[in-house]
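As given, the protein sequences belong to chains A and B, one line each in that order.
Residue numbers for the first sequence follow numbering that gives the first Met the number 0, beginning at 0 and rising by one.
Residue numbers for the second sequence follow numbering that gives the first Met the number 0, beginning at 0 and rising by one.
Data first, discussion second: the structure below is written as structure tokens.
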Amino acid sequence: MSAAAIRPADPALDERGGFAPARYVRDTLLLTARSLRAIPRVPERLLDVTIQPIVFILLFLYVFGSAIHVYGISYKDYLFPGIIGQSLAFGIIGAGVATSNDMTEGVVDRFRSMPISRLSIITGQVMGQFCEALLGMAIVIGFGLALGWNPHLTLAHGFELAGLMVLAVFAFTWLGVLFGMLVRSSDAMQGLGFIVIFPLAFMAGTFVPIAGMDAIPRAIAHWDPISALVAAVRGLTQGTHSSGSWQLDHPQLAMALWCVLILAIAVPLALRRFNRTLAA
Amino acid sequence: MPDTNTPSDIASADAAAPAIEAHGLTKRFGDFTAVDRLDLRVENGSVVSLLGPNGAGKTTMVRMLATLLRPDAGSARVAGHDVVGEADAVRRSISLTGQFAALDKNLTAEENLRLMARLRGHRRGASRARVDELIERFDVEEFRDRLVKNLSGGQRRRVDLAASLIDRPRLLVLDEPTTGLDPRSRQVVWSTVRELVGEGVTLLLTTQYLDEADALADRVVLIDHGREIAAGTPAQLKAQVGEQRVDVVAADSAALEQLTALLSGRFELDVVREQRTLSIPAPGEAADLARVAEAVRDSRIAVDELALRRPTLDDAFLALTGHTATESEVQARERGSDPENAETPEEVAA
């Protein structure tokens, strides 16, 4: 091979000064596509976010469900909004594990040593995780519908629900990506998920009404963001009304505010963390 | 060969600047000082090797130069650009191939190369053409459509090198390019590096292997605990370290004592008791081997092994600092990954 085989850099690269939006968007799309390609190739990752909710659906619908009675609603209709909230919350763990795995791979170092927008590395990561989580969510909802879940949705409520869920997936993905960059390993991320996210996802009025809980879990559940999420989904799909705290009186608004708050904290922290060097 | 560099490749203002110029570069992790006031100068078109054992600070040094770590003290310029203040310009000048293959394991070899080409700003068609060239050059054809996670260590390295050469970098940085590779893959990497050097690529190479530095570098900087121990051309270093050696491994410690007593009058001996080994400088190579072998045969003392070998990093440290480079457990780990001893097939080496 001749020396001519090694070409100088594309001149377009050198003309780039400061932030170039077109380039940023293109790099983000390239890196998003890279993440999406992994979905069919690592099916166990998608399985992780779908199998757990499905197991919970089956367990609670056919094993524990007969012992749980919620006034004024069939348990099936009570359960599915809870499952949706729970699997959205578990999405934090999924995004965290995937991110921490990715960050420890050499490929991110290569990206970081290349003349591309650093922001695009992290937004590409978020977009990939985001699409994967939406896909997982769609599978869980499809499973629920197949088992006879009956959401009573008006068109307006349908849009509101879709918007809220997309916002929640987006916020939780950023949160998961942040956690994924903070923890030392994907095992640590699993541990964090088990200790923090698991209980919060369980006590959020997911499987049993908050009103029947003991005083302390009830107090936590009243202000658990996942409670607002579950109450919002339940309110929109089944027309139920929740109460007990301000956020449960206004679950849709509360959920939107939680998402904005999470994004306002997680996005800058994740970007700062990414720009700070990872340990050698 | 005509040089195809255009002014856009290397900004004319810094064309004369050395590829690397570092002064007092320091990096601490908590109490641990990984790189301790290290100076480094790499001239354009030269090949410099950072040689040192595991944990000597080689990778940390490389990561600072590649803008992946921010130095705690000191300064460094790559192609005339400050690694902290002008990180973006530095990133445009270098190409880093890290210690572990820097590829997406869920993409195929070709998809990885395409992605890197696109990220470097080449359009789709140009990327395809460039990637095809690289696939041919680095002999990736037979596994171009295989996922990187299913490739062997040697195959990954080839893809990795190709990915580093999508654009002609002002400076190519290879961090331990052959660690963990079997001997055959190692030879492939070496010959590729030689070709690139022949084309005038400036190269900074880190390695744990003295013979690798010797084979590839114009200048070697020996480091340990983040500090420079010695620097010079491979010939200068080897002059200090000595050339080949004959190792005699005694069958037991009694035999070792007998051999030591017998041979000490005739040869210059280094005795490594833990390994029951006598090490004898052999500048005359085969002739010296024959003399030692004769002496051992005549003694009728039992030996496990008698062999001529090249000096290792440990010999270099012993000669230059009076102590060996590595603690025993690190040594064992290194020997485990030493291509010279690796008998694992290529598929396992990954």
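Glycine is no exception: its CB is placed at the ideal position from the N, C-alpha and C atoms.
These numbers come from a predicted model, not from an experiment.
- When only Cα atoms are considered, L87(A) and L102(B) end up about 30 Å apart.
- Separation of the CB atoms of G81(A) and G204(A) is rounded to 7 Å, and the pair is thereby assigned contact status at 8 Å.
- DSSP places G23(B) within a strand segment (E or B) once states are collapsed to three.
- With 16 or more neighbouring CB atoms inside 10 Å of its own CB, R218(B) falls in the buried class.
- Closest in C-alpha terms to E273(B), from the list Y208(B), A78(B), G152(B), A249(B), comes A249(B).
- A straight-line Cα-Cα distance of about 6 Å links M188(A) and V182(A).
- If you keep only unbroken alpha helix (DSSP H) runs of at least 4 residues inside the segment 21 to 74 of chain A, you get 42 to 58.
- In the structure shown, I264(A) falls within a helical segment according to DSSP collapsed to helix, strand and coil.
- Here A230(A) has S241, L247, P250 as same chain residues with Cβ atoms under 6 Å from its own Cβ, once five neighbours each way along the sequence are excluded.
- Its Cα nearest to that of D87(B), the residue I115(A) stands out among Q85(A), I115(A), A97(A).
- Residues of the segment 59 to 86 of chain A with a Cβ closer than 7 Å to any Cβ of chain B: none.
- Positions of the alpha helix (DSSP H) runs, each at least 4 residues long and wholly inside the segment 244 to 276 of chain B, are given as 252 to 262 in order along the chain.
- Residue pairing for I93(B): DSSP places it in a beta bridge opposite L170(B).
- Taking a C-beta distance under 8 Å as the contact criterion, D210(B) and R309(B) qualify as a contact pair.
- Going by beta carbons, M180(A) and M102(A) fall inside the 8 Å limit.
- When DSSP states are grouped into helix, strand and coil, I300(B) belongs to the coil group.
- Boundaries of the alpha helix (DSSP H) harbouring S190(B): 182 to 197, taken from the DSSP string.
- Counting only residues of its own chain and dropping the five nearest sequence neighbours on each side, A214(B) has a CB closer than 8 Å to the CB of W189.
- Residue state for R62(B) is assigned as helix, using DSSP reduced to three classes.
- Flagged as an interface residue toward chain A: L67(B), by a C-beta distance shorter than 8 Å.
- F31(B) sits exposed, since fewer than 16 C-beta atoms from the chains shown fall within 10 Å of its C-beta.
- As a beta-bridge residue in DSSP terms, L39(B) pairs with A21(B).
- Secondary structure of I115(A) (DSSP, three-state): coil.
- Three or more beta-carbon pairs separated by less than 8 Å are not found between the segment 93 to 100 of chain B and the segment 115 to 135 of chain B, which leaves the two stretches without contact.
- Boundaries of the beta strand (DSSP E) around D223(B): 218 to 223.
- Within the same chain, T107, E109 come within 7 Å of D144(B) by CB-CB distance, once the 5 residues on both sides are set aside.
- At a cut-off of 8 Å between beta-carbon atoms, I121(A) makes no contact with chain B.
- For N105(B), at least one C-beta of chain A is nearer than 8 Å to its own C-beta.
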